[in-house]
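One structure is given below, encoded as structure tokens.
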Amino acid sequence: MRIKILLFLFLAFAAGENVQAQTGFPFANEIQAFKHQDSISFPPKNEILFIGSSSIRLWTDLEQRFPGKPIIRRGVGGSELWQLVDYYTPYILFPYHPRKIFIYAGENDIAGGKTGKFVFDEFQKLFEMINKQLPDATVYFMSVKMSPSRVKYFKEVAVANELIKNYLANKPNSAFIDLNTVLLKSNTSMPDSSLFRADYLHLNSKGYDRWQQVLEPVVN
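Count along the sequence shown from 1, add 685, and you get the number used in my numbering.
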């Protein structure tokens with residue numbers, strides 16, 4: 686009887702630890718939804734992966750904008766780049782074995798109080814992880830955008846973009862894609878608010894039109 690009681694207490698403790706670990710997993714419900722989707726129809730290898738935060742999640746017509754292109758869209762709303770590094774790669778990156786990986790992340794890290802240098806450091810970790818696991822994949826970093834509602838973070842956004850751009854300049858199978866310039870007002874260095882939704886944070890259809898124009902030559 687005593688052994689049974691001890692076994693019960695051990696199992697109860699282990700279950701509690703597991704639940705606590707799951708509770709700490711950021712955006713677990715969205716990751717679970719992707720895994721459920723994959724369980725129904727898993728994407729073939731060598732497709733084109735778009736991964737990152739809500740700018741990818743909310744680009745709901747991404748696949749339609751590039752007809753005939755084998756695109757996998759895995760945006761996690763509100764996520765940060767460090768979470769992609771620490772949590773998501775085994776679930777919504779490496780299993781797909783994509784030939785091209787487009788990454789949009791880092792904006793939420795900066796808005797959460799982290800520096801542009803922190804975003805660069807996390808991207809460098811991610812890039813090295815991808816090179817180790819998927820050495821034949823081409824990595825595209827989509828520049829952190831300057832959202833009108835986050836003007837006070839523009840300095841750190843610029844730091845992150847410049848560091849990542851310089852880092853990728855001499856790296857094979859990679860590219861930094863400037864998606865900020867096409868969102869600026871004519872003859873200014875400020876974003877055009879008409880390209881954003883009412884929250885002045887996420888792009889509207891016209892904003893995604895601009896991104897599409899830049900991406901078309903490399904999404905193939």
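Note that CB positions come from ideal geometry on N, CA and C, so glycine has one too.
Since the model is a prediction, treat every value here as computed from it, not as a measurement.
Assumed close pair residue i, residue j - CB separation to whole angstroms, cut-off 8 angstroms
i, j, result
"Glu-765", "Gly-797", "6 angstroms"
"Gly-760", "Arg-742", "3 angstroms"
"Ser-930", "Phe-881", "Summary: the structure shown does not reach residue 930, with the chain confined to residues 686 through 905, and so no result is reported for it."
From the options, residue whose alpha carbon lies closest to that of residue i
i, options, result
"His-887", "Thr-745, Asn-905, Leu-734 and Thr-873", "Thr-745"
"Leu-869", "Ser-879, Ile-862 and Phe-861", "Ser-879"
"Ser-834", "Ser-740, Ser-724, Phe-808 and Pro-876", "Pro-876"
"Pro-755", "Pro-729, Asn-851, Leu-778 and Thr-873", "Pro-729"
"Tyr-773", "Ile-849, Leu-811 and Gln-722", "Leu-811"
"Asn-816", "Ser-724, Leu-853 and Pro-752", "Leu-853"
Cβ-based burial, residue i [other Cβ within 10 Å; buried from 16]
i, result
"Lys-720", "exposed"
"Asp-771", "exposed"
"Asn-714", "exposed"
"Ala-822", "buried"
"Ser-890", "exposed"
"Pro-801", "Residue identity check: residue 801 is Gly in the sequence provided, not Pro. Burial call: buried."
"Asn-872", "exposed"
"Ala-706", "Per-residue confidence for Ala-706 stands at a pLDDT of 44, beneath the threshold of 50, marking its modelled position as unreliable; the derived number appears in the next sentence. Exposed, by the Cβ-count rule."
"Asn-865", "buried"
"Asn-855", "exposed"
"Gln-768", "buried"
"Phe-805", "buried"
"Phe-727", "exposed"
Alpha carbon of residue i to alpha carbon of residue j, nearest angstrom
i, j, result
"Gly-791", "Val-836", "15 angstroms"
"Val-904", "Gly-709", "35 angstroms"
"Pro-857", "Glu-732", "19 angstroms"
"Phe-735", "Glu-841", "24 angstroms"
"Glu-813", "Pro-902", "25 angstroms"
"Gly-763", "Ile-716", "13 angstroms"
"Ala-718", "Tyr-776", "11 angstroms"
"Ile-757", "Ser-874", "33 angstroms"
"Val-642", "Ser-859", "The structure shown does not extend to residue 642, since the chain spans only 686 to 905, so no value can be given for it."
"Ser-828", "Ile-725", "33 angstroms"
"Phe-803", "Ala-845", "8 angstroms"
Checklist entry - Which full runs of the alpha helix (DSSP H) of 4+ residues lie inside the region 725-813, going along the chain? => result 739-742, 747-750, 774-777 and 792-796
Next on the checklist: Quick check for students: name the residue ranges of the beta strand (DSSP E) that lie wholly in the region 825-902, counting only runs of 3 or more.
Outcome noted: 859-862
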